[in-house]
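**Student:** First, the structure itself, so that you have it in front of you.
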Amino acid sequence: MPQIYLTGSGVFTPPYAISNEDLVTSFNQYIDQHNQKTGESLTHSSAEFIEKASGIKSRYVMEKAGILNPNRMRPFYPKRLDTEMSIQAEMALPAIKEALAASKKTAKNIDVIICACASLQRSYPAVAIEIQHYLGASGYAFDVNVACSSATFAIDIAYHMLQTGSANTILVVNPELCSSHLNFKDRDSHFIFGDVASAVILERKEVANQQADAFELLGTFLKTNFSNNIRNNDGIINATEDPEDTPNIQFHYFTQQGKKVFKEVVPMVSEHIQTQVYNHHYTPDKIKRLWLHQANINMNRLIAEKFYNRDITPLEAPIILDTYANTSSAGSIIAFHQHHQDFKTGELGLICSFGAGYSIGSVLVKKV
Ligand code: CO8
57 MPQIYLTGSG VFTPPYAISN EDLVTSFNQY IDQHNQKTGE SLTHSSAEFI
107 EKASGIKSRY VMEKAGILNP NRMRPFYPKR LDTEMSIQAE MALPAIKEAL
157 AASKKTAKNI DVIICACASL QRSYPAVAIE IQHYLGASGY AFDVNVACSS
207 ATFAIDIAYH MLQTGSANTI LVVNPELCSS HLNFKDRDSH FIFGDVASAV
257 ILERKEVANQ QADAFELLGT FLKTNFSNNI RNNDGIINAT EDPEDTPNIQ
307 FHYFTQQGKK VFKEVVPMVS EHIQTQVYNH HYTPDKIKRL WLHQANINMN
357 RLIAEKFYNR DITPLEAPII LDTYANTSSA GSIIAFHQHH QDFKTGELGL
407 ICSFGAGYSI GSVLVKKV
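Heads up: take any position in the sequence shown, counting from 1, add 56, and you land on our numbering.
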């Protein structure tokens, strides 16, 4: 079997941070105005609740003023001409440049680009092909969407393409523009997501220029199981759903049954990653680190404790959602990007995503 290496990663952090306190201040102003106007008595949000229930303290976004304006409560991304670079391509490029530099490659070396994320800003042309254009890469490119598992499912596709020899070097990029699908007027979910882009370079060992900081992919393991507990009905059908002549398109946002998700997904994920590790004839104690999807600090801790069957140290399942919030499929890649430099040759780690679908994707890696 050919050996497949992850040789570089990169993260683009958007320019604006919003603390829980700032988010809650504008949310509560919106609620006060709403209650005054309607006579309803909707309840305030609380920064303490958010941090305790989720572990999130802050999030990065591509635009802040619209989100924090109580009269708007959603970001403002002015419509761009078709000839202008799209916002997701704009987010993707700096993450890609960092990943390329880490792997000592240039765009000319990339055979395939997979743009994998939970929300794409348009149906077509594929954002991946636009990224290919701006990078000046040849070969081909396509988009993949498996919600929060988009990155790991794309890594699985890349891994198998590289093994068959249909490509030598593949770029997987995750421009997660979560703020555009988050209902900032909804107390239950207004705090959950942030924007970010992450990228990884995967390649066949024989073409890898950089091997000192590389990880070999030992295997990928995917699972899906249909659930409506995390859902977004946004799509091409929306404009046809209004019976009037002038379509009154509703905003379709992320919704979830958070408690159900928490309860159902924790055992699914811990069993899934244990199974993958046993299938490779290892035991959990041989895994130095879990780079988990960043959904919720309590959920991540429980998954890791079930996996190791003991209490864990913070570095066994590093948390980055305190500053980034849930960044959908980019979360586990950011955790990897920030927390792999201490690995020694032969040490094992596991990247794992989980989310809507339900979907779980895990990637077992060994430091070269
Ligand atoms: N402030 C104060 N109080 C609040 C707030 C708030 N903001 N929100 C809720 N409360 C109150 C509730 O009203 C409730 O009060 P009461 O007990 O009196 O009824 C109490 O707090 C508890 O509410 P919950 O039961 O809802 O709170 P939880 O403890 O369950 O915490 C969480 C809520 C944090 C959302 C938690 O359920 C959670 O994290 N669940 C897992 C979520 C998860 O991992 N989802 C995966 C999503 S990722 C994915 O796959 C989607 C990808 C799509 C991305 C697209 C971008 C948008």
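Glycine residues also receive a C-beta, built at the ideal position from the N, C-alpha and C atoms. As the structure is a prediction and not an experimental result, all values here were calculated from the model.
Using DSSP bridges, identify the partner residues of Ala253.
**Tutor:** Answer by DSSP bridge pairing, in chain order: Phe68 and Pro231.
**Student:** For a test of your reading of the model: does the CB of Val252 fall under 7 Å from any non-hydrogen atom of ligand 1? Yes or no.
**Tutor:** No, ligand 1 has no heavy atom inside 7 Å of this Cβ.
**Student:** Verify the contact flag: His308, CB atom, against every heavy atom of ligand 1, threshold strictly below 7 Å.
**Tutor:** Every heavy atom of ligand 1 is 7 Å or more from the Cβ of His308, so no.
**Student:** I need the boundaries of the alpha helix (DSSP H) containing Phe318, first residue and last residue.
**Tutor:** Run containing Phe318: Gly314 to Asn335, per the alpha helix (DSSP H) assignment.
**Student:** For Thr379, write down the residues that DSSP places opposite it in a beta bridge.
**Tutor:** DSSP, once it has assigned bridges, lists no residue as partnering Thr379.
**Student:** Could you tell me the distance, in whole angstroms, from the CA atom of Thr276 to the CA atom of Val424?
**Tutor:** Approximately 17 Å, taken between the alpha carbons.
**Student:** State yes or no: is the C-beta of Thr225 within less than 8 Å of the C-beta of Asn165?
**Tutor:** Yes, these two residues count as a Cβ contact at 8 Å.
**Student:** Tell me the rounded alpha-carbon separation between Ala214 and Glu372.
**Tutor:** Their Cα atoms are separated by approximately 26 Å.
**Student:** In this structure, how does DSSP classify Tyr61 when only helix, strand and coil are distinguished?
**Tutor:** Tyr61 falls in the strand class under three-state DSSP.
**Student:** Where do the ends of the alpha helix (DSSP H) carrying Ala157 lie?
**Tutor:** Run containing Ala157: Ile143 to Ala158, per the alpha helix (DSSP H) assignment.
**Student:** Can Gln312 be considered in contact with ligand 1, in the sense that its beta carbon sits closer than 7 Å to one or more heavy atoms?
**Tutor:** Under cutoff, so the answer is yes.
**Student:** Is the beta carbon of Val317 within less than 7 Å of some heavy atom of ligand 1?
**Tutor:** Answer for Val317: yes, Cβ within range of ligand 1.
**Student:** Quick one: complete alpha helix (DSSP H) runs, 4+ long, within the stretch 172–222?
**Tutor:** The stretch 172–222 contains these whole alpha helix (DSSP H) runs: 183–191 and 206–220.
**Student:** Can you tell which of Asn76, Asp167 and Pro131 has its C-alpha closest to the C-alpha of Ser194?
**Tutor:** Minimum Cα distance to Ser194 is reached at Asp167.
**Student:** From which residue to which residue does the beta strand (DSSP E) around Leu274 run?
**Tutor:** That run of the beta strand (DSSP E) goes Phe271 to Thr280.
**Student:** I'd like to confirm the pairing. Which residues does DSSP put opposite Ser409 in its beta bridges?
**Tutor:** In the DSSP output, where bridge partners are listed per residue, Ser409 has Gly417.
**Student:** Please state whether the Cβ-Cβ distance between His349 and Phe83 is less than 8 Å.
**Tutor:** Cβ distance not < 8 Å, so His349 and Phe83 don't count as in contact.
**Student:** Pop quiz: Ser114 and Ala73 are said to be a contact at Cβ under 8 Å. What is the actual Cβ separation, rounded to whole angstroms?
**Tutor:** Indeed, because the Cβ distance is near 5 Å, the residues count as touching under 8 Å.
**Student:** Going by C-alpha to C-alpha distance, which of Ala109, Leu156, Thr69 and Arg366 sits closest to Glu146?
**Tutor:** Closest option to Glu146, Cα to Cα, is Thr69.
**Student:** May I ask you to check if the CB of Ala207 is nearer than 7 Å to at least one heavy atom of ligand 1?
**Tutor:** Result no, Cβ not under 7 Å from ligand 1.
**Student:** With 16 as the cutoff for other CB atoms within 10 Å, does Asn335 come out buried or exposed?
**Tutor:** Under this definition Asn335 is an exposed residue.
**Student:** Residues in its own chain within less than 6 Å of Asp244 by CB, not counting five upstream and five downstream?
**Tutor:** Closer than 6 Å at Cβ, skipping near neighbours: no residue.
**Student:** Quick check on the burial criterion: 16 or more other C-beta atoms within 10 angstroms. Buried or exposed for Thr63?
**Tutor:** Answer is buried; the Cβ neighbour count reaches 16.
**Student:** Since I believe Gly411 is in contact with Cys204 (beta carbons under 8 Å), could you give me their beta-carbon distance rounded to a whole number of angstroms?
**Tutor:** Rounded, the Cβ-Cβ distance is 2 Å, consistent with contact.
**Student:** Kindly list the residues whose CB is nearer than 7 Å to the CB of Gln219, restricted to its own chain and excluding five residues on each side of it in sequence; keep chain order.
**Tutor:** These residues qualify, in order along the chain: Met57, Pro58 and Ile60.
**Student:** Give the range of the beta strand (DSSP E) segment to which Leu348 is assigned.
**Tutor:** Start and end: Ile343 to Leu348.
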